[in-house]
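Read through the structure below, which is laid out as structure tokens, and then see the notes.
Numbering (full-length UniProt numbering), first residue to last: 1 to 894.
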């Protein structure tokens with residue numbers, strides 16, 4: 001081994017050191033592992049006052065020493081990381097960027113880029129100085145006074161910004177973002193003339209006009225779905241690098257609020273799209289990043305299906321290139337696009353359709369199965385496997401064909417179960433380790449733990465299982481195994497235990513596990529649907545008790561006081577929205593179409609007071625599930641309705657003038673609360689719309705109980721006014737409720753129950769939320785069925801109303817149930833019934849309620865909705881209008 005103990009800081013010794021380590025990996029290791037600990041301290045002590053040659057020499061040596069392969073980095077471990085931290089923190093050349101020699105600055109920035117490229121260390125204290133220097137150089141570039149050395153420095157600084165990552169790029173100053181935009185415009189003006197527009201369209205220009213500027217995209221008859229232009233060849237390599245670096249940074253920095261002009265310029269987008277046909281991979285990836293960004297970050301861009309289909313071949317083609325830029329993840333981009341159209345067009349996803357037609361889907365599945373078949377997994381294979389599982393979960397979320405394709409491979413579920421078991425075993429080992437070290441006072445509360453290496457993979461396995469569980473066929477066949485729900489219950493108990501006993505682990509560890517817990521509960525939501533064979537197993541093995549513990553934990557319930565201040569401090573700020581939402585969602589599915597005894601058993605464990613504590617949660621999805629749960633609880637249950645009213649009861653004690661005794665007078669403020677909640681909601685937001693729908697169906701259930709409850713509802717003028725506004729909406733005049741068929745149907749059910757005589761044999765209809773078969777009417781809107789699929793309540797008893805469940809747990813396969821279909825056919829004429837002679841069942845109170853609705857103009861609104869676009873709304877409006885006419889005719893004849 002060569003000894004460097006005698007190496008001094010003199011220039012001669014440093015030259016000798018540089019000559020020894022050039023191209024000699026063993027000599028580099030000797031420097032790292034040598035006994036002289038001052039060598040790196042000497043190398044990083046670079047000052048602007050030092051001789052230029054000495055600065056160059058030290059930077060050259062550091063560049064050579066840090067340029068080692070990944071295996072060497074892993075073998076050096078902390079030794080290499082300590083050197084990187086020293087380079088990032090101790091060299092203070094950024095403080096004098098503007099006065100330094102430009103070549104010195106370039107070598108230093110290369111050194112920083114190399115350091116951040118080989119390590120995840122974020123301890124770089126000179127970001128502000130580097131941005132200021134970058135801004136100074138871009139100003140020179142825009143003024144055309146920068147020399148080639150300064151352009152090279154600009155490229156290195158932009159690369160450094162890219163190294164900082166997507167999240168850090170949002171910290172760029174506003175002025176720097178504007179400068180980058182100006183750089184892109186300058187490049188566009190310089191090279192846009194190279195685009196050949198002739199093959200696109202013929203543009204007629206009047207001959208008498210001189211100096212007419214040629215604008216091929218200004219023709220009004222030009223469809224936006226044009227073919228992509230041929231590639232532009234940029235001969236200047238520095239311009240090429242500047243373009244792709246600025247384009248990526250610009251895209252990242254504007255992802256939150258895309259109000260910048262570059263996305264509004266069709267000419268610029270056309271210019272960027274030309275690079276999709278080029279050979280430069282960096283430019284191609286940057287162009288795709290820029291062109292796809294509006295689809296993922298703006299509201300209505302997803303409607304431009306034809307344009308995104310043009311980009312897909314070039315995106316998928318990148319799978320054939322290796323390596324791709326580190327900042328571009330093709331799996332993540334494809335998955336994000338699939339999830340985007342799963343939200344907007346779940347049954348007609350253009351991304352999945354393209355992948356299936358191009359046979360690329362089977363190639364990706366081949367990579368997936370190869371990753372699962374590896375005997376041992378390393379960090380790289382786990383990352384690839386995680387991406388593949390996430391991708392499969394996305395394209396199987398709404399497509400029965402691809403669910404069946406995946407489930408054909410029996411070892412897939414075995415690998416899924418193994419992934420969940422592995423995470424459970426790691427959690428067990430961690431709890432044992434943590435308690436041992438905690439009891440020995442060996443754990444520092446100031447050093448948070450990182451998440452487990454398989455937490456993200458476990459989350460994606462659960463996402464895939466959730467996609468499978470959306471299929472009725474899968475629930476009744478492939479997933480009909482008790483091991484899966486057993487693993488899910490164990491995961492819930494284990495993670496909840498960690499939040500109670502090991503809460504000092506830090507936000508990163510807890511955040512990852514709470515995310516896994518939320519997804520576990522989301523999967524259980526589908527496992528406890530009425531027709532699932534796994535529902536009895538989950539109930540028997542304590543799913544309700546687990547949720548009882550969760551909802552009574554101050555981590556989820558803000559109304560409960562913390563027992564330990566240290567636990568409160570450690571868990572505050574943790575994202576528990578998914579856990580709360582899916583916990584209530586599980587209960588909601590369990591309470592669908594169940595017997596009254598089961599509802600009372602649930603309320604004995606989880607009181608109505610606990611459920612009501614979530615109706616004012618800061619999260620709208622949580623509120624939506626709380627109201628939907630109350631909706632299912634109050635359906636077909638007078639006892640639960642009375643329990644709900646009891647929780648909103650106000651008692652006044654007045655003195656009876658006759659007896660002289662104190663008399664208690666009860667009053668309910670439930671309707672005041674519901675009206676206040678409805679007026680504050682914005683139905684344009686899906687969770688808030690679902691909240692409003694749940695409230696309306698609660699009113700449906702209240703009005704179905706008896707005459708007293710009907711009278712309470714009809715006296716609420718504010719509620720009737722809201723119903724009128726919902727029914728008055730149309731495509732031409734959507735009002736604040738947006739002409740929504742679900743809200744209209746719920747409003748019609750409220751009116752329906754107000755006008756049914758509770759004393760008659762034909763009972764009122766209860767509003768029950770469930771999971772109907774998927775179907776489409778002529779308007780392509782989901783039909784809201786007026787009967788549950790097969791239920792426990794018989795046809796001769798009180799019927800229930802179902803509505804579409806939220807998207808990410810809806811069962812999207814038609815349920816083959818002849819009894820349900822027969823019931824639907826029988827209900828087509830639900831109001832056309834035999835009326836006994838004398839029509840004694842139509843009492844005066846029903847007629848009075850009907851007349852009040854007529855006076856408010858609601859009768860005319862009901863008639864107007866006979867011509868609504870939604871089939872379910874049309875049918876309900878037609879039958880309700882007939883019934884109102886019948887009541888009015890009977891009252892006039894009597």
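All C-beta atoms, glycine included, are put in the ideal place defined by N, C-alpha and C.
Report back the beta-carbon spacing between residue 613 and residue 559 to the nearest angstrom; my notes put them in contact at under 8 Å. Translated into the one-based positions of the chain shown, residue 613 becomes position 613. Translated into the one-based positions of the chain shown, residue 559 becomes position 559. Cβ atoms of residue 613 and residue 559 come within 8 Å of each other, at about 5 Å.
For residue 668, which three-state DSSP category applies? Counting from one through the chain shown, the residue named residue 668 turns up at place 668. Correct three-state label for residue 668: strand.
Report yes if the CB atom of residue 324 is closer than 8 Å to the CB atom of residue 245, and no otherwise. Within the chain shown, the letter at position 324 stands for residue 324. Within the chain shown, the letter at position 245 stands for residue 245. Not a contact, by the Cβ cut-off of 8 Å.
Ignore the nearest five residues each way along the sequence and tell me which others in residue 517's own chain have a CB closer than 6 Å to its CB. Mapped onto the chain shown, residue 517 falls at position 517. Within the same chain, residue 517 has close Cβ partners 495, 579.
In this structure, how does DSSP classify residue 773 when only helix, strand and coil are distinguished? Here residue 773 refers to the residue found at position 773 of the chain shown. Because the pLDDT of residue 773 is 37, which lies under 50, any placement of that residue in the model is unreliable, and the number read from its coordinates should be weighed accordingly. Note: residue 773 maps to coil in three-state DSSP.
On the three-state DSSP scale, how would you describe residue 649? Within the chain shown, the letter at position 649 stands for residue 649. In this structure, residue 649 counts as strand in the three-state DSSP scheme.
Secondary structure at residue 904, three-state DSSP: helix, strand or coil? Missing from the structure shown is residue 904; the chain here goes from 1 to 894 and no further.
If the criterion is Cβ atoms closer than 8 Å, does the pair residue 751 and residue 693 meet it? If you number the chain shown from 1, residue 751 lands on position 751. If you number the chain shown from 1, residue 693 lands on position 693. In this structure, the beta-carbon distance from residue 751 to residue 693 does not fall below 8 Å.
Residue 674 and residue 643 closer than 8 Å at C-beta: Counting from one through the chain shown, the residue named residue 674 turns up at place 674. Counting from one through the chain shown, the residue named residue 643 turns up at place 643. No, they are not a contact pair.
Measuring only the C-alpha atoms, how far is residue 293 from residue 861? Taking the first residue of the chain shown as position 1, residue 293 is located at position 293. Taking the first residue of the chain shown as position 1, residue 861 is located at position 861. Straight through space, the alpha carbons of residue 861 and residue 293 are spaced by roughly 43 Å.
Coarse secondary structure for residue 583, derived from DSSP in three states: Here the question's residue 583 lines up with position 583 in the chain shown. Helix at residue 583.
State the DSSP-derived secondary structure class of residue 254, mapped to helix, strand or coil. In the chain shown, counting from the first residue as 1, residue 254 sits at position 254. Of the three classes helix, strand and coil, the one that applies to residue 254 here is coil, per DSSP.
Over the uninterrupted alpha helix (DSSP H) stretch that includes residue 596, give me the two end residues. One-based indexing of the chain shown puts residue 596 at position 596. 596 to 605 is the extent of the alpha helix (DSSP H) around residue 596.
CB-CB under 7 Å to residue 155, same chain, minus the five flanking residues each way: which ones, in chain order? Here residue 155 refers to the residue found at position 155 when the chain shown is read from its first residue. If you ignore the 5 residues before and after residue 155, its C-beta comes within less than 7 Å of the C-beta of 238, 241, 242, 245, all in its own chain and listed in chain order.
Around the C-beta of residue 79, are 16 or more other C-beta atoms found within 10 angstroms, so that it is buried, or is it exposed? Translated into positions along the chain shown, residue 79 becomes position 79. Residue 79 counts as exposed, since fewer than 16 other C-beta atoms from the protein chains shown sit within 10 angstroms of its C-beta.
Alpha carbon of residue 110 to alpha carbon of residue 185, nearest angstrom: Here residue 110 corresponds to residue number 110 of the chain shown, with the count starting at 1. Here residue 185 corresponds to residue number 185 of the chain shown, with the count starting at 1. If you take the alpha carbons of residue 110 and residue 185, they lie about 27 Å apart.
Boundaries of the alpha helix (DSSP H) in which residue 880 is found, first to last residue: Against the chain shown, residue 880 aligns to sequence position 880. In the DSSP assignment, residue 880 falls within the unbroken alpha helix (DSSP H) covering 871 to 893.
On the three-state DSSP scale, how would you describe residue 56? In the chain shown, the residue the question calls residue 56 occupies position 56. Of the three classes helix, strand and coil, the one that applies to residue 56 here is helix, per DSSP.
Cα-Cα separation between residue 467 and residue 882, rounded to whole angstroms: Walking along the chain shown from the start, residue 467 turns up at place 467. Walking along the chain shown from the start, residue 882 turns up at place 882. Roughly 43 Å between the two C-alpha positions.
For the stretch 679 to 688 against the stretch 613 to 629, do three or more pairs of beta-carbon atoms, one drawn from each stretch, fall closer than 8 Å, so that the two count as touching? Touching, yes.
Measure the beta-carbon distance from residue 641 to residue 602 and round it to whole angstroms, keeping in mind my assumption that it falls under 8 Å. For the purposes of this step, residue 641 is taken as the residue at position 641 of the chain shown. For the purposes of this step, residue 602 is taken as the residue at position 602 of the chain shown. That belief does not hold up - the Cβ atoms of residue 641 and residue 602 are roughly 15 Å apart, past 8 Å.
Limits of the unbroken alpha helix (DSSP H) element including residue 476: As a first step, residue 476 must be located in the chain shown, where it is residue number 476. Segment 472 to 476, the alpha helix (DSSP H) holding residue 476.
Tell me the DSSP secondary structure of residue 481 in three-state form. Translated into positions along the chain shown, residue 481 becomes position 481. Under the three-state reduction of DSSP output, residue 481 falls in the coil class, being neither helix nor strand.
Hey, would you say residue 232 sits closer than 8 Å to residue 195, going by beta carbons? Sequence index remark: in the chain shown, residue 232 carries index 232 (1-based). Sequence index remark: in the chain shown, residue 195 carries index 195 (1-based). Closer than 8 Å, so yes.
What is the residue span of the alpha helix (DSSP H) that residue 728 lies within? By 1-based counting over the chain shown, the position of residue 728 is 728. Its alpha helix (DSSP H) spans residues 717 to 728.
Run of the alpha helix (DSSP H) containing residue 136, from where it starts to where it stops: Locating residue 136 in the chain shown gives position 136, where the first residue counts as 1. From DSSP, the alpha helix (DSSP H) with residue 136 extends over 127 to 142.
Inter-residue Cα distance where the pair is residue 977 and residue 410: The requested residue 977 is not part of the displayed model; the chain covers only 1 to 894.
Report, in whole angstroms, the separation of the C-beta atoms of residue 724 and residue 584, which I expect to be a contact under 8 Å. As a working mapping, residue 724 is identified with position 724 in the chain shown. As a working mapping, residue 584 is identified with position 584 in the chain shown. Between residue 724 and residue 584, the beta carbon gap of about 31 Å keeps them out of contact (Cβ cut-off 8 Å).
Buried or exposed by the 16-neighbour rule on C-beta atoms within 10 Å, applied to residue 387: For the purposes of this step, residue 387 is taken as the residue at position 387 of the chain shown. It counts as buried.
Can you tell me the Cβ-Cβ gap for residue 283 and residue 181, rounded? I've got them flagged as a contact below 8 Å. Taking the chain shown and counting its residues from 1, the one referred to as residue 283 is at position 283. Taking the chain shown and counting its residues from 1, the one referred to as residue 181 is at position 181. With a Cβ gap of about 18 Å, residue 283 and residue 181 do not count as contacting.
Report the rounded CA-to-CA distance for residue 845 versus residue 696, giving the unit in angstroms. Along the chain shown, read from residue 1 onward, the residue named residue 845 stands at position 845. Along the chain shown, read from residue 1 onward, the residue named residue 696 stands at position 696. Cα to Cα, residue 845 sits roughly 22 Å from residue 696.
Determine the extent of the alpha helix (DSSP H) in which residue 539 is found, giving its start and end residues. One-based indexing of the chain shown puts residue 539 at position 539. Membership of residue 539 in the alpha helix (DSSP H) is indicated by the continuous run 535 to 540.
State yes or no: is the C-beta of residue 235 within less than 8 Å of the C-beta of residue 177? In the chain shown, residue 235 corresponds to position 235, counting from 1. In the chain shown, residue 177 corresponds to position 177, counting from 1. Cβ distance not < 8 Å, so residue 235 and residue 177 don't count as in contact.
Return the CA-CA distance between residue 741 and residue 873, expressed in angstroms with no decimal places. If you number the chain shown from 1, residue 741 lands on position 741. If you number the chain shown from 1, residue 873 lands on position 873. Straight-line Cα distance between these residues: approximately 6 Å.
Go ahead and pull the three-state DSSP assignment for residue 814. Residue 814 sits at position 814 when you count from the first residue of the chain shown. With a pLDDT of only 32 at residue 814, under 50, the local geometry of the prediction cannot be trusted, and the value read off the model is given with reservation. Here residue 814 carries a coil assignment [DSSP, helix/strand/coil].
In the DSSP assignment, find the alpha helix (DSSP H) that holds residue 620 and state where it starts and stops. Within the chain shown, numbered from 1, the residue matching residue 620 stands at position 620. 620 to 634 is the span of the alpha helix (DSSP H), which, as asked, contains residue 620.
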